[in-house]
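Inspection log for the structure reproduced underneath, given as structure tokens.
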Amino acid sequence: QQQVKQSPQSLIVQKGGIPIINCAYENTAFDYFPWYQQFPGKGPALLIAIRPDVSEKKEGRFTISFNKSAKQFSLHIMDSQPGDSATYFCAASIGNQFYFGTGTSLTVIP
Amino acid sequence: NAGVTQTPKFRILKIGQSMTLQCTQDMNHNYMYWYRQDPGMGLKLIYYSVGAGITDKGEVPNGYNVSRSTTEDFPLRLELAAPSQTSVYFCASRDRTLDGYTFGSGTRLTVV
């Protein structure tokens, strides 16, 4: 049973485009929603995170939009670059346990 | 500052063999975790620890064991390797006052 559902599985955009990755959850007790970026052969690295008391958070070209009533959150990458090509994971946490989405493979074409 | 160090990076095991995946962190983090990553399945929590001497099961603990004798080290033990344990294993740590994980670079394990 997947606690956090992520889509799409893969995404291809042109340089400068705005890829959007979506995640949905059921457990309303989750209180922290991070996004991780993973390059091939490396471990995931924290990219940006949000708590459910805010609807949006921006860090550089990365934005999280959070819809508490719909139990959904999404990652937007503005002005995407080929260097953004990676796998992105959303996650949700409660206490000491984090639950990850299945990942989205993003390719940004030059 | 090395962060989280995992060894080995790659390993091939035969069915029924045992091995220990090593994980060390130098950030004095209280919490440590072991995840496995399978294609299309995301990251699944195997075991975690909130401090030396304390461990607890995650989502997929069967076939694994852990120990936490020091703050720095959190080894993962496979006693009787099975093909279903073929995966990439990630160790992670975090400080109790911070939210995000620091992940190691992973161990790719193949059981044949």
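Each protein sequence line maps, in turn, to chains A and B. Read in the numbering used here, the first sequence has 18 at position 18, and its numbers run on one by one without any break. In the numbering used here, each residue's number is its place in the second sequence (first place is 1) plus 1000. Just so you know, even glycine gets a beta-carbon here, dropped at the ideal spot from N, CA and C. Bear in mind the structure is a predicted one, so any value in this text is a computation, not a measurement.
Cβ-Cβ separation, residue j to residue i (assumed contact under 8 Å), whole Å
i: residue 36/A; j: residue 89/A; result: 5 Å
i: residue 33/A; j: residue 66/A; result: 7 Å
i: residue 80/A; j: residue 108/A; result: 5 Å
i: residue 1030/B; j: residue 1004/B; result: The pair is not a contact, with the Cβ atoms about 14 Å apart (cut-off 8 Å).
i: residue 43/A; j: residue 1103/B; result: 3 Å
i: residue 1021/B; j: residue 1089/B; result: 6 Å
i: residue 1063/B; j: residue 1085/B; result: 6 Å
i: residue 1056/B; j: residue 49/A; result: The Cβ separation is near 23 Å, so there is no contact.
i: residue 78/A; j: residue 18/A; result: 6 Å
i: residue 1066/B; j: residue 1035/B; result: Residue 1066/B to residue 1035/B, Cβ: 12 Å. No contact.
Residue i classed as buried or exposed, judged by whether at least 16 other C-beta atoms fall within 10 angstroms
i: residue 1074/B; result: buried
i: residue 1039/B; result: exposed
i: residue 112/A; result: In this structure chain A extends from 1 to 110, so residue 112/A is not present and cannot be described.
i: residue 1078/B; result: buried
i: residue 86/A; result: buried
i: residue 60/A; result: exposed
i: residue 1094/B; result: buried
i: residue 1058/B; result: buried
i: residue 1097/B; result: exposed
i: residue 30/A; result: buried
i: residue 28/A; result: exposed
i: residue 1110/B; result: exposed
i: residue 4/A; result: buried
i: residue 1080/B; result: exposed
i: residue 1032/B; result: buried
i: residue 39/A; result: exposed
i: residue 6/A; result: buried
i: residue 1082/B; result: exposed
i: residue 1068/B; result: buried
i: residue 1002/B; result: exposed
i: residue 64/A; result: buried
i: residue 93/A; result: buried
Which residues DSSP lists as bridging residue i, in chain order
i: residue 93/A; result: 32/A and 98/A
i: residue 12/A; result: 107/A
i: residue 1101/B; result: Per DSSP, none; premise fails for residue 1101/B.
i: residue 56/A; result: 65/A
i: residue 1108/B; result: 1010/B and 1088/B
i: residue 50/A; result: 33/A
i: residue 77/A; result: 62/A
i: residue 1002/B; result: In DSSP, residue 1002/B forms no bridge with anything.
i: residue 20/A; result: 76/A
CB contact check: residue i to chain C, cutoff 7 Å
i: residue 1099/B; result: Of the protein chains in this structure, namely A and B, none is chain C.
Problem set entry | Entirely enclosed beta strand (DSSP E) segments - the segment 1010-1095 of chain B, minimum 3 residues | The qualifying runs are 1010-1013, 1019-1025, 1031-1038, 1042-1051, 1054-1057, 1064-1066, 1076-1078 and 1087-1094.
Problem set entry | Contact between the segment 68-88 of chain A and the segment 12-29 of chain A (3+ Cβ pairs under 8 Å) | The segment 68-88 of chain A is in contact with the segment 12-29 of chain A.
Exercise. Would you call the segment 97-107 of chain A and the segment 1009-1019 of chain B touching, i.e. three or more CB-CB distances under 8 Å?
Worked result: No, the segment 97-107 of chain A does not touch the segment 1009-1019 of chain B.
Exercise. Is the number of C-beta pairs between the segment 1065-1083 of chain B and the segment 1017-1037 of chain B that are closer than 8 Å three or more?
Worked result: With a cut-off of 8 Å, the segment 1017-1037 of chain B and the segment 1065-1083 of chain B count as touching, because enough Cβ pairs lie within range.
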